[in-house]
């Protein structure tokens, strides 16, 4: 019995040591699709430069996925250590494997809130100025795993339009991420599309943060070409998640680094988050329970 216990302890320590060694060699960051790859890599380069010294790894690697699901599958498979997800993306992971990742932080808006909105836009010169004008038209969603770009509109639009989405719109489709969706709306591929923004500040500026603000800052969209048709109820800001099996010391160092980032490097913080935020606050799985429940009831895991 003693021999068996000792062998078990040796095996356990070996596994712990292996996990710690893995964490100390390379820190792997997953980056959601939705924005062109060059911009995503540039925005996260500051973490490649800063994190090795801060958390004690040899290198930091970036893995930009073509869509949301690429990062989700990487987190489920344990091949990524950290990512910033939308609430629906986290819900998909939670429903598949609840202990795969831990949500540790989320962003705080400039007004102190911890939420944002789905924003539906159309071309200003399209003659569409309100939801009722979209009856029988083509609506574009951002990504099947997007909270603001799909799940929340799917759940909350029926009340606003007085009918199920499939009955009200003539056709729906996906734009291949938030940035591309807006560009497809501008091109006329979709009559309207759902993206996201803080809802704080002015629409003409793309609000204070979100996809529209990022596109304005990059000069790839002119808000004078767009009109806002609908704004959703407040959505919980997406979580920063880490691999649950990462050793506790690494988790603590990384979490502290991120919490300090708005003060230690405001430019890096803004680049990663895409706009103006006041900082981070701690969260756990309970914060996302409404979204988990909504996803489970509608589109599933």
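Residue numbers (mature numbering (1 follows the signal peptide of the UniProt record, and there is no 0)): -21 to -1, 1 to 280.
Note that beta-carbon positions come from the ideal geometry of N, C-alpha and C, so glycine has one too.
Just so it is clear, the structure is predicted and the values come from calculations on it, not from any experiment.
Between which two residues does the beta strand (DSSP E) carrying residue i extend?
i	result
residue 5	5 to 10
residue 138	No beta strand (DSSP E) holds residue 138; the alpha helix (DSSP H) holding it covers 131 to 140.
residue 87	80 to 88
residue 101	94 to 102
residue 110	Element bounds for residue 110: n/a, residue is neither H nor E.
residue 119	117 to 120
residue 56	Where residue 56 is concerned, there is no enclosing beta strand (DSSP E), given that its DSSP letter is neither H nor E.
residue 37	Looking at the DSSP string, residue 37 is not in any beta strand (DSSP E), and its letter there is neither H nor E.
residue 63	61 to 63
residue 172	171 to 176
Assuming residue i contacts residue j (C-beta within less than 8 angstroms), just tell me the rounded distance between them.
i	j	result
residue 36	residue 10	Going by Cβ atoms, the distance from residue 36 to residue 10 rounds to 17 angstroms, so no, they are not a contact pair.
residue 30	residue 236	7 angstroms
residue 79	residue 223	6 angstroms
residue 48	residue 124	6 angstroms
residue 84	residue 229	Their Cβ separation, rounded to whole angstroms, is 15 angstroms, which puts residue 84 and residue 229 out of contact at 8 angstroms.
residue 281	residue 61	The displayed coordinates of the chain run from -21 to 280. Any statement about residue 281 would go beyond what the structure contains.
residue 42	residue 53	7 angstroms
residue 149	residue 169	With a Cβ gap of about 11 angstroms, residue 149 and residue 169 do not count as contacting.
I'd like to know whether the C-beta atoms of residue i and residue j end up nearer to each other than 8 angstroms.
i	j	result
residue 121	residue 171	no
residue 66	residue 219	no
residue 158	residue 190	yes
residue 175	residue 127	yes
residue 88	residue 8	no
residue 250	residue 25	yes
residue 192	residue 184	yes
residue 164	residue 194	no
residue 256	residue 86	yes
residue 46	residue 12	yes
residue 156	residue 261	no
residue 77	residue 110	no
Is residue i helix, strand or coil when you go by DSSP?
i	result
residue 49	helix
residue 225	coil
residue 233	helix
residue 269	helix
residue 143	coil
residue 191	helix
residue 31	helix
residue 207	strand
residue 126	helix
residue 213	coil
residue 284	Absent from the model: residue 284. The displayed extent of the chain is -21 to 280, so no value can be given.
residue 44	coil
residue 275	helix
residue 263	coil
residue 2	Bear in mind that the predicted position of residue 2 carries a pLDDT of just 46, short of 50, making it unreliable; the figure below should be weighed with that in mind. The answer is helix: DSSP assigns residue 2 an H, G or I state.
residue 314	Here the chain comprises residues numbered -21 to 280, so residue 314 is not present and cannot be evaluated.
residue 23	helix
residue 153	strand
residue 280	coil
Would you mind working out which of the options sits nearest residue i, comparing C-alpha positions?
i	options	result
residue 273	189, 71, 34 and 48	71
residue 278	74, 56 and 194	74
residue 231	135, 156 and 82	82
residue 97	256, 223, 258 and 216	216
residue 177	167, 188, 169 and 168	188
residue 210	28, 32, 131 and 103	131
residue 17	63, 197 and 64	197
residue 208	6, 14 and 118	118
residue 205	153, 104, 149 and 114	104
residue 64	258, 252 and 107	252
residue 258	269, 241, 106 and 114	241
residue 152	135, 186, 248 and 116	116
residue 363	40, 21, 99 and 147	The question about residue 363 has no answer here: the residues shown for the chain are numbered -21 through 280.
residue 113	142, 129 and 254	142
residue 99	129, 225 and 243	129
For the alpha helix (DSSP H) containing residue i, name the first residue and the last one.
i	result
residue 68	66 to 75
residue 249	245 to 252
residue 165	157 to 166
For residue i, verify whether its CB is less than 7 angstroms away from any heavy atom of the ligand PLP.
i	result
residue 95	In the structure on display, the ligand PLP does not appear, and there are no ligands present to speak of.
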